[in-house]
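**Student:** Taken in sequence, the protein lines are chains F and D. 457 is the number of the first residue of the first sequence in our numbering; add one for each residue after it. 457 is the number of the first residue of the second sequence in our numbering; add one for each residue after it. What follows is a single structure, and I will ask about it in a moment.
2 protein chains.
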Amino acid sequence: MTQEPKELFKAQEFARLAGVTVRALHHYDKLGLLKPKQRSRSGYRLYSPRDFGRLEQIVVLKYLGMPLKQIRRLLEPDANLSQALQRQQAVLLEKRRQLDRAVAAIQGAQYSFAGRGEPDWNLLKYIVQEMEMQNNTDWTKKYYSAEAQAKVETRKPLWSPELQERVSREWATLFADVESALGEDPASPKAQELAARWKKLLGEFTGGDPQIQQGLNAMYADQSNWPPATQKAHAIKPEIIDFITKAMRAAR
Amino acid sequence: MTQEPKELFKAQEFARLAGVTVRALHHYDKLGLLKPKQRSRSGYRLYSPRDFGRLEQIVVLKYLGMPLKQIRRLLEPDANLSQALQRQQAVLLEKRRQLDRAVAAIQGAQYSFAGRGEPDWNLLKYIVQEMEMQNNTDWTKKYYSAEAQAKVETRKPLWSPELQERVSREWATLFADVESALGEDPASPKAQELAARWKKLLGEFTGGDPQIQQGLNAMYADQSNWPPATQKAHAIKPEIIDFITKAMRAAR
DNA sequence: GTCCGGTCTGACGTTACGTCAGGGTCAAGC
DNA sequence: GCTTGACCCTGACGTAACGTCAGACCGGAC
Chain F
457 MTQEPKELFK AQEFARLAGV TVRALHHYDK LGLLKPKQRS RSGYRLYSPR
507 DFGRLEQIVV LKYLGMPLKQ IRRLLEPDAN LSQALQRQQA VLLEKRRQLD
557 RAVAAIQGAQ YSFAGRGEPD WNLLKYIVQE MEMQNNTDWT KKYYSAEAQA
607 KVETRKPLWS PELQERVSRE WATLFADVES ALGEDPASPK AQELAARWKK
657 LLGEFTGGDP QIQQGLNAMY ADQSNWPPAT QKAHAIKPEI IDFITKAMRA
707 AR
Chain D
457 MTQEPKELFK AQEFARLAGV TVRALHHYDK LGLLKPKQRS RSGYRLYSPR
507 DFGRLEQIVV LKYLGMPLKQ IRRLLEPDAN LSQALQRQQA VLLEKRRQLD
557 RAVAAIQGAQ YSFAGRGEPD WNLLKYIVQE MEMQNNTDWT KKYYSAEAQA
607 KVETRKPLWS PELQERVSRE WATLFADVES ALGEDPASPK AQELAARWKK
657 LLGEFTGGDP QIQQGLNAMY ADQSNWPPAT QKAHAIKPEI IDFITKAMRA
707 AR
């Protein structure tokens, strides 16, 4: 008899030890990611402590959000873990940026009003479009130097609760101010000042200076195209966004 | 003739207008999420401006990370948008917390050494396990008051580049210090001080005070169970973690 | 012998489409 | 009238990481 390892575990026990499910073990087995050391005569999976070490690695890498395919490659003897971790981190950071944008959009729409009543569909749509544009305008990142990139990364403020409340209040007052200035000339200094405040505030949660999409005001102005659910959730008048858009265009 | 809307769009044009793919339109159609106003005799989908409004909503809600099923419910006339947004935000924030933990784990393992050489598997595993435990120990959140929760939320520091560098340096010196103290009694004041530093540093990126898992040192100590890939990526000696674990246990 | 808990192997369900495959449609040019 | 190229249609399979049955076998206890 060759010297057998001290212990072998059946599926359930083994799974509990590592904090995964039996089904996951089946899955990893089928993928060739983790095959049990042996099978019993009746076909039961029997895992060794060495298998446990491998499973632990899988669990850790999975925690870092890596896909199983990549994990399999990383568990090969000649894999470059350091590089993989670095890349994975970049992936995670990008995902987080996207999450931040979504969170900020909701924040903006939800708490922009002092009353904290209904979120505003128009504003939500507007913010999301701004962010998508900013996203697409990220050729800056691709074409500018690494240093510029680093600066961009650093500048990101990441909504603190304090910032959030402050911005929330500022939105509320800004809306009120714009509403009372609706009759003004969009090119007037007063309108320009409002537009500047708007732009600045938008920058607070888009994380960069926003580019204003030109053709949207028509969409916002014509409510007839809105499906019913949208029409209910309206606290901000389209005129407000319309006015601001015009004012910004006037500033060229 | 009844008054027809001014325009009808075929799939591609319509898709381009809204920034989605034709295939997505097919998908939404099949799901009943967005059915074109009409079909041509030959079966072509013909979308109206009103459909465009609906599609815009879909795109916005999708940007916020909502699943299509929920979006469909939200587009019904009696939906509660505000509530849905609030819930969605909670979902996003939770996801972001998870991302943060993963990022921090990589940071910790990757940059813990001054040399920035290889990441350390042991430390990585350790950190991840800490975080999982902290995750499971989140009954605090469930059972404590909302105010306590808010404080927890607020406290989160969110790795700034500066913090990251500082922590990175502190890890490096801490490892060196522990290594030179390996012969000491884990209960000695010196060891205790090291353990305290360790605990504090761990807290920096786990975002809370860590709970030390008792049964791990055996695992860390016995390298024979580690699969080959792991053994390469080792800069930190298991003795270091072993020592710290003992010191912390000695502190009871 | 039987019962209960554990294990096995398929196989379908999930999410939001991407990607063919096979086959009509439409307007333009010859 | 015919071809051509751009577009449209409807399946149907693939993706990631398992969850969730379903049907059948195994192993120890009573």
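Quick reminder that beta carbons are idealized off the backbone N, C-alpha and C, glycines included. These numbers were taken from a predicted model, which means no experiment stands behind them.
Would you tell me roughly how many angstroms separate the C-alpha atoms of Arg557/D and Met587/D, rounded to the nearest one?
**Tutor:** The straight-line gap separating the alpha-carbon atoms of Arg557/D and Met587/D is approximately 7 Å.
**Student:** Buried or exposed: where does Pro642/F fall if 16 or more other Cβ atoms within 10 Å of its Cβ makes it buried?
**Tutor:** buried
**Student:** Closest Cβ-Cβ distance between Glu512/F and chain D: below 9 Å?
**Tutor:** yes
**Student:** Measure the Cβ-Cβ separation of Tyr484/D and Leu524/D and say whether it is below 9 Å.
**Tutor:** yes
**Student:** Nearest CA to the CA of Trp577/F: which residue from Ser496/D, Val634/D, Ala707/D and Ile514/D?
**Tutor:** Ile514/D
**Student:** I'd like the list of long-range same chain contacts for Ala561/F, defined as Cβ closer than 7 Å, with 5 residues on each side in sequence excluded.
**Tutor:** Leu580, Ile583, Val584 and Met587
**Student:** If you follow the alpha helix (DSSP H) that Tyr519/F is in, where does it begin and where does it stop?
**Tutor:** Pro505 to Tyr519
**Student:** Kindly indicate if chain F contains any beta-carbon less than 9 Å away from that of Lys581/D.
**Tutor:** yes
**Student:** Please state if the CB of Leu630/F and the CB of Trp654/F are separated by a distance shorter than 9 Å.
**Tutor:** yes
**Student:** Quick one, which residues of the segment 522-552 of chain F are near chain D if we go by CB-CB under 8 Å, in chain order?
**Tutor:** Leu530, Leu531, Glu532, Pro533, Ala535, Leu537, Ser538, Leu541, Gln542, Gln544, Gln545, Leu548, Leu549, Lys551 and Arg552
**Student:** Using beta carbons (cut-off 9 Å, strictly below), is Asp556/F in contact with chain D?
**Tutor:** yes
**Student:** Answer with yes or no whether the minimum CB distance from Ile697/D to chain F is below 9 Å.
**Tutor:** no
**Student:** With distances taken Cα to Cα, identify the nearest neighbour of Val547/D among Leu520/D, Pro492/D and Glu649/D.
**Tutor:** Considering only Leu520/D, Pro492/D and Glu649/D, the residue with the shortest C-alpha distance to Val547/D is Leu520/D.
**Student:** From the beta carbon of Leu520/F, is the nearest beta carbon of chain D less than 9 Å away?
**Tutor:** Yes, Leu520/F counts as interfacial toward chain D.
**Student:** Do Arg552/D and Leu555/F have their beta-carbon atoms positioned less than 9 Å apart in this structure?
**Tutor:** yes
**Student:** How would you list, in chain order, the residues of chain F whose beta-carbon sits under 7 Å from the beta-carbon of Val476/D?
**Tutor:** The premise fails here: Val476/D is roughly 12 Å from chain F at the closest Cβ pair, so nothing lies under 7 Å.
**Student:** From what residue to what residue does the alpha helix (DSSP H) around Glu469/D run?
**Tutor:** Annotation: the continuous alpha helix (DSSP H) that includes Glu469/D extends over Ala467 to Ala474.
**Student:** Helix, strand or coil for Leu541/D? Go by DSSP, reduced to three states.
**Tutor:** helix
**Student:** How would you list, in chain order, the residues of chain F whose beta-carbon sits under 8 Å from the beta-carbon of Val559/D?
**Tutor:** Within 8 Å Cβ-Cβ: Gln545, Leu548, Leu549 and Arg552.
**Student:** Please state the DSSP three-state secondary structure of Arg653/D.
**Tutor:** helix
**Student:** Rounded to whole angstroms, what is the Cα-Cα separation between Ser504/F and Leu473/F?
**Tutor:** 12 Å
**Student:** Could you have a look at Leu502/D and say whether DSSP puts it in helix, strand or coil?
**Tutor:** strand
**Student:** For Ala707/D, tell me which candidate among Lys646/D, Leu489/D and Lys493/D has the shortest Cα-Cα distance.
**Tutor:** Just measuring C-alpha positions, the residue of Lys646/D, Leu489/D and Lys493/D sitting nearest Ala707/D is Lys646/D.
**Student:** Going along chain F in order, which residues have a C-beta closer than 8 Å to the C-beta of Ala565/D?
**Tutor:** Leu541
**Student:** May I ask you to report which of helix, strand or coil DSSP gives Arg497/F?
**Tutor:** Arg497/F falls in the coil class under three-state DSSP.
**Student:** Based on Cα-Cα distance, which residue from Arg529/F, Ala467/F, Val559/F and Ile697/F lies nearest to Gly499/F?
**Tutor:** Ala467/F
**Student:** Check whether the Cβ atoms of Arg501/F and Leu531/F sit closer than 9 Å, and answer yes or no.
**Tutor:** Here Arg501/F is not near Leu531/F, since their CB atoms are 9 Å or more apart.
**Student:** How close, in whole Å, do the beta carbons of Gly535/F and Arg529/F come, if the pair is a contact with beta carbons under 8 Å?
**Tutor:** At residue 535/F the sequence reads Ala, which differs from the Gly that was named. With 8 Å as the limit, Ala535/F and Arg529/F qualify as a contact, their Cβ atoms being about 6 Å apart.
**Student:** Using the three-state DSSP reduction, which class does Ser636/F fall into: helix, strand or coil?
**Tutor:** DSSP places Ser636/F in the helix class (H, G or I) of the three-state scheme.
**Student:** Taking C-alpha atoms, which residue in Pro492/F, Ile700/F, Glu512/F and Lys486/F lies nearest to Gly475/F?
**Tutor:** It is Glu512/F.
**Student:** Would you kindly check if the distance between the Cβ of Gln563/F and the Cβ of Ala540/F is under 9 Å?
**Tutor:** no
**Student:** Within a Cβ cutoff of 8 Å, which residues of the same chain sit near Gly488/D, ignoring the five residues on either side of it in sequence?
**Tutor:** Closer than 8 Å at Cβ, skipping near neighbours: Arg528.
**Student:** Just to confirm the assignment, what range does the alpha helix (DSSP H) spanning Asp485/F have?
**Tutor:** Taken as a continuous stretch (DSSP letters only), the alpha helix (DSSP H) holding Asp485/F covers Val478 to Leu487.
**Student:** Helix, strand or coil for Pro645/D? Go by DSSP, reduced to three states.
**Tutor:** When DSSP states are grouped into helix, strand and coil, Pro645/D belongs to the helix group.
**Student:** Is the shortest distance between the beta-carbon of Glu588/D and the beta-carbons of chain F less than 9 Å?
**Tutor:** yes
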